[in-house]
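Structure, as structure tokens:
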Amino acid sequence: MSEVDGPIMDAAMAPALPARAEVEDFLFHEAALIDARDYDAWLALWEQDALYWVPCNDDDADPEIHIALIYDRYEGLCDRIARLQGGFALAQQPLSRCSHAITNVRVGGARGGLIEVQSILSLAAYRLGKVDLLAGRMVHRLRRKPDGLRLVEKRVYLINNDGPIGNLSFIL
Amino acid sequence: MKSFGDLVQEDRVHGSVYLDPAIFEREMEAIFAATWVYVGHEGEIPRPGDFRLRAIGRQPVIFVRDHEGAVRVLMNRCTHRGNAVCVAERGNADGFTCAYHGWRFRLNGDLAAVPYGDRYDEAFDRSTLGLRPAARVENYRGLVFASLRSEGSSLREHLGAGVLAELDDLTDMSPDGDLDVRAGVHKTVYDGNWKLQLENSMDGYHPNFVHRSHFDNIRARTGNDPRVHATSRTQAHLYDLGNGHASWHNTGLMRSGSQSNPAIAMGEGPVREYADALMARHGEERGRHLLAKGSVHLMIFPNVIFIGSHIRMIQPISVDRTEVYLLPVLLKGAPRALNTRRLRAHEAFYGPAGAGAPDDVEIFRRVQHGLRAGGDPWVLLSRGATMEQQGGNGYAMGQITDEIAQRAIWRQWRTMMEAEAIMPRLEAVS
Chain X
2 MSEVDGPIMD AAMAPALPAR AEVEDFLFHE AALIDARDYD AWLALWEQDA
52 LYWVPCNDDD ADPEIHIALI YDRYEGLCDR IARLQGGFAL AQQPLSRCSH
102 AITNVRVGGA RGGLIEVQSI LSLAAYRLGK VDLLAGRMVH RLRRKPDGLR
152 LVEKRVYLIN NDGPIGNLSF IL
Chain S
168 MKSFGDLVQE DRVHGSVYLD PAIFEREMEA IFAATWVYVG HEGEIPRPGD
218 FRLRAIGRQP VIFVRDHEGA VRVLMNRCTH RGNAVCVAER GNADGFTCAY
268 HGWRFRLNGD LAAVPYGDRY DEAFDRSTLG LRPAARVENY RGLVFASLRS
318 EGSSLREHLG AGVLAELDDL TDMSPDGDLD VRAGVHKTVY DGNWKLQLEN
368 SMDGYHPNFV HRSHFDNIRA RTGNDPRVHA TSRTQAHLYD LGNGHASWHN
418 TGLMRSGSQS NPAIAMGEGP VREYADALMA RHGEERGRHL LAKGSVHLMI
468 FPNVIFIGSH IRMIQPISVD RTEVYLLPVL LKGAPRALNT RRLRAHEAFY
518 GPAGAGAPDD VEIFRRVQHG LRAGGDPWVL LSRGATMEQQ GGNGYAMGQI
568 TDEIAQRAIW RQWRTMMEAE AIMPRLEAVS
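Line by line, the protein sequences are chains X and S. Take the first sequence: its letter number 16 is residue 17 in the working numbering, and every next letter is one higher. Take the second sequence: its letter number 148 is residue 315 in the working numbering, and every next letter is one higher.
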């Protein structure tokens with residue numbers, strides 16, 4: 002299992018943990034922006050030290066020596082949404098219609114000044130007569146800013162990350 | 168059915184070759200069960216007992232290193248009642264025990280134990296009931312190919328000098344002269360014929376159209392326009408290397424994108440360290456050749472392509488469904504930062520969430536759909552057909568946007584499909 006299980010308290014850096022309701026509101030808002038295809042607003046949730054990471058093959062894969070499905074830093078996120086917005090990404094002509102359900106939310110603790118949140122993702126993506134169902138565990142790492150929570154890291158551990166996957170060119 | 172010579176002509180092919188289930192069935196026997204098929208890199212299974220499940224056509228095989236250190240390719244089928252003896256896709260095992268009636272096989276395939284053996288008589292010969300091996304297994308620089316036919320060309324003869332030279336370049340780009348293929352695998356699947364992926368892997372005509380969204384991003388970020396590397400005026404070439412194999416020489420395109428070349432988007436330190444290591448191993452001249460080349464782009468008929476920084480294995484499932492496995496290749500002896508960079512560059516373009524590969528796959532799906540339209544059943548492959556030249560390496564050469572590689576694929580396909588009556592499976596086993 003990964004290091005995210007159980008509460009982790011780093012006394013020197015620990016921010017006050019938010020109530021689950023505040024965190025849920027943030028995750029639900031993020032999901033709603035993706036489903037509404039408001040990618041600019043979604044990007045605005047992210048901090049500049051962003052990491053959007055979807056491991057491949059093994060949940061404990063080491064990104065320095067193992068391939069990931071997605072390992073986007075901020076620049077990669079910008080490229081990703083530019084493809085979705087530009088109209089020339091063939092795999093997103095037409096755009097997938099996505100429906101995110103975020104459940105089982107737990108505020109896991111704090112590490113390195115970030116609030117760690119675990120949840121379960123169930124995602125249906127419809128395109129050209131076919132519904133793809135994706136599911137997995139998510140870990141968000143959030144930063145408390147004066148105007149609210151911001152997204153620093155989002156990891157999605159798909160249950161089928163070692164199996165054949167078709168089109169994954171939408172946002173998880 | 169028309170003859171294969173009618174369906175596959177020199178500069179066009181009939182759409183049914185992508186659509187007809189009967190043709191697909193014959194391909195499994197006449198091509199995949201008849202020629203050298205890439206199975207894996209021996210570095211994927213470094214220790215005795217290490218194994219990977221693979222397939223030759225649709226026939227499931229176990230790619231395994233035995234207790235003596237030899238690499239084996241064994242049919243994943245109990246010789247008793249046909250149960251697949253290995254279920255895990257990868258791992259390390261002492262042997263393979265059939266879950267159905269407990270027959271146990273050694274890593275080299277030998278039958279080691281038959282439970283309650285007293286109900287077999289003395290004519291029952293265990294020595295003949297090991298897991299069936301591929302008829303031939305050969306290795307070139309760690310790349311393992313298997314053939315289900317005991318007769319025919321050796322692997323080296325089948326690949327030929329042109330392919331071997333590319334594989335030497337590929338392997339020698341590692342300062343240690345060996346590839347590391349343990350970074351995992353991207354598995355993708357699409358609703359289309361397997362040959363669409365094979366053809367597209369050597370198609371220099373499509374990038375400016377299919378990959379426009381990616382090129383737009385590169386242009387916006389760097390000011391450089393990758394499109395200049397894939398026009399009819401680009402000084403870059405494709406080679407027909409014989410037996411259906413082909414190579415693509417277009418360093419500019421690979422350098423322009425967020426692709427494989429280890430020299431791009433790296434700090435100065437690791438690049439210098441890598442260059443020095445190559446020079447030290449290979450000398451100035453060959454070292455410079457490898458650095459200038461940067462990557463190998465090679466297709467070996469029928470199921471493997473070396474492109475960017477990965478090995479791509481094509482796995483036919485049915486006439487209109489194909490799985491494709493992309494195994495990133497790291498360079499042994501290169502700085503870790505450089506190898507990590509190769510992984511990030513691979514992900515940025517390839518795999519199911521990359522900025523390029525999903526668009527290729529979408530085209531395969533659309534082509535499979537479009538081919539069902541009647542009126543004119545032909546697929547044209549005439550581009551550059553009358554303008555081929557002899558390259559400096561002695562092989563036929565075409566411009567980067569030509570369809571010389573597709574013609575090479577189909578020529579080999581026709582030759583194999585027209586070959587003598589396909590041996591029935593029963594006869595092959597007896």
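Think of the CB as a built atom: it goes at the ideal place given N, C-alpha and C, for glycine as much as any other residue. Bear in mind that the values here come from a model prediction, so they are computed numbers and not experimental data.
Assigned secondary structure, residue i (DSSP; H/G/I helix, E/B strand, else coil)
i, result
"S:C245", "coil"
"S:S380", "helix"
"S:S549", "coil"
"X:C79", "helix"
"X:I35", "helix"
"S:M564", "strand"
"S:P495", "strand"
"S:I190", "helix"
"S:A432", "For S:A432, the predicted model reports a pLDDT of 49, less than 50, meaning its position is unreliable; a value from the coordinates is still stated below. Here S:A432 sits in coil by DSSP."
"S:A279", "strand"
"S:Q557", "strand"
"X:L85", "helix"
"S:I212", "coil"
"X:I66", "coil"
"S:D288", "coil"
"S:V252", "coil"
"S:R239", "strand"
"X:A136", "strand"
One or two residues paired with residue i in a DSSP bridge
i, result
"S:S314", "S:R303"
"S:R508", "DSSP output for S:R508 lists no bridge partner at all."
"X:E154", "X:L52 and X:R142"
"X:W43", "None, per the DSSP bridge assignment."
"S:V348", "Beta-bridge pairing links S:V348 to no other residue."
"S:M466", "S:A413 and S:I472"
"S:E490", "S:V356 and S:Q482"
"X:V108", "X:V118"
"S:C265", "DSSP output for S:C265 lists no bridge partner at all."
"S:R221", "S:V228"
"X:S97", "Answer is none; X:S97 lacks a bridge partner."
"S:Y205", "S:F312"
"X:D73", "X:Y53"
Endpoints, the beta strand (DSSP E) within which residue i is located
i, result
"S:R232", "Q226 to R232"
"S:N259", "R257 to N259"
"S:R293", "No beta strand (DSSP E) holds S:R293; DSSP gives it neither H nor E."
First through last residue of the alpha helix (DSSP H) which encompasses residue i
i, result
"S:S183", "S183 to L186"
"S:I133", "With chain S running from 168 to 597 in the structure shown, residue 133 of chain S is simply not present."
"S:D173", "F171 to L174"
"S:M446", "E435 to K460"
"S:F531", "A524 to G537"
"S:D336", "L322 to D339"
"S:R271", "Careful: S:R271 lies outside any alpha helix (DSSP H), inside the beta strand (DSSP E) at R271 to R273."
Proximity of residue i and residue j at Cβ, strictly below 8 angstroms
i, j, result
"S:L458", "S:I478", "no"
"S:R357", "S:V180", "Contrary to the premise, residue 357 of chain S reads as Tyr rather than Arg in this sequence. Contact: no."
"S:D383", "X:G87", "yes"
"S:I467", "S:V348", "no"
"S:G359", "S:Q482", "no"
"S:F272", "S:V252", "yes"
"S:L548", "S:R574", "yes"
"X:V157", "X:G137", "yes"
"X:D163", "X:N58", "yes"
"S:M195", "S:G224", "yes"
"S:G500", "S:A447", "no"
"X:L52", "X:R74", "yes"
"S:R219", "S:E209", "no"
"S:W203", "S:L322", "yes"
"S:G409", "S:I567", "no"
"S:A350", "S:L498", "no"
Chain A within 8 angstroms of residue i, Cβ atoms only
i, result
"X:A69", "Considering every chain present, this structure includes no chain A. Its protein chains are X and S."
Going along the segment 243-258 of chain S in order, which residues come within less than 7 angstroms of chain X, judged by CB to CB distance? none
If you measure beta-carbon to beta-carbon, which residues of the segment 72-84 of chain X are closer than 8 angstroms to chain S? Y72, E76, G77, D80, R81, A83 and R84
Which residues, in order along the segment 395-421 of chain S, keep a beta-carbon less than 7 angstroms from a beta-carbon of chain X? none
Output, in sequence order along the chain, the residues in the segment 85-113 of chain X whose CB is closer than 7 angstroms to any CB in chain S. G87, F89, A90, L91 and A92
Taking beta-carbon pairs under 9 angstroms, can you tell me which members of the segment 339-367 of chain S lie near chain X? D347, R349, A350, G351, V352, H353, K354, T355, V356, Y357 and D358
Against chain S, which members of the segment 44-62 of chain X pass a CB distance test of less than 8 angstroms? V55, C57, N58, D59 and A62
For the segment 137-149 of chain X, enumerate the residues whose C-beta is nearer than 9 angstroms to any C-beta of chain S, in chain order. none
Against chain S, which members of the segment 120-138 of chain X pass a CB distance test of less than 8 angstroms? none
Determine which residues of the segment 496-516 of chain S have a Cβ less than 8 angstroms from any Cβ of chain X, and write them out in chain order. L497, R503, N506, T507, L510, R511, H513, E514 and A515
Using a Cβ-Cβ cutoff of 9 angstroms, what residues of the segment 525-552 of chain S are near chain X? List them in chain order. P525, D526, D527, V528, E529, I530, R532 and R533
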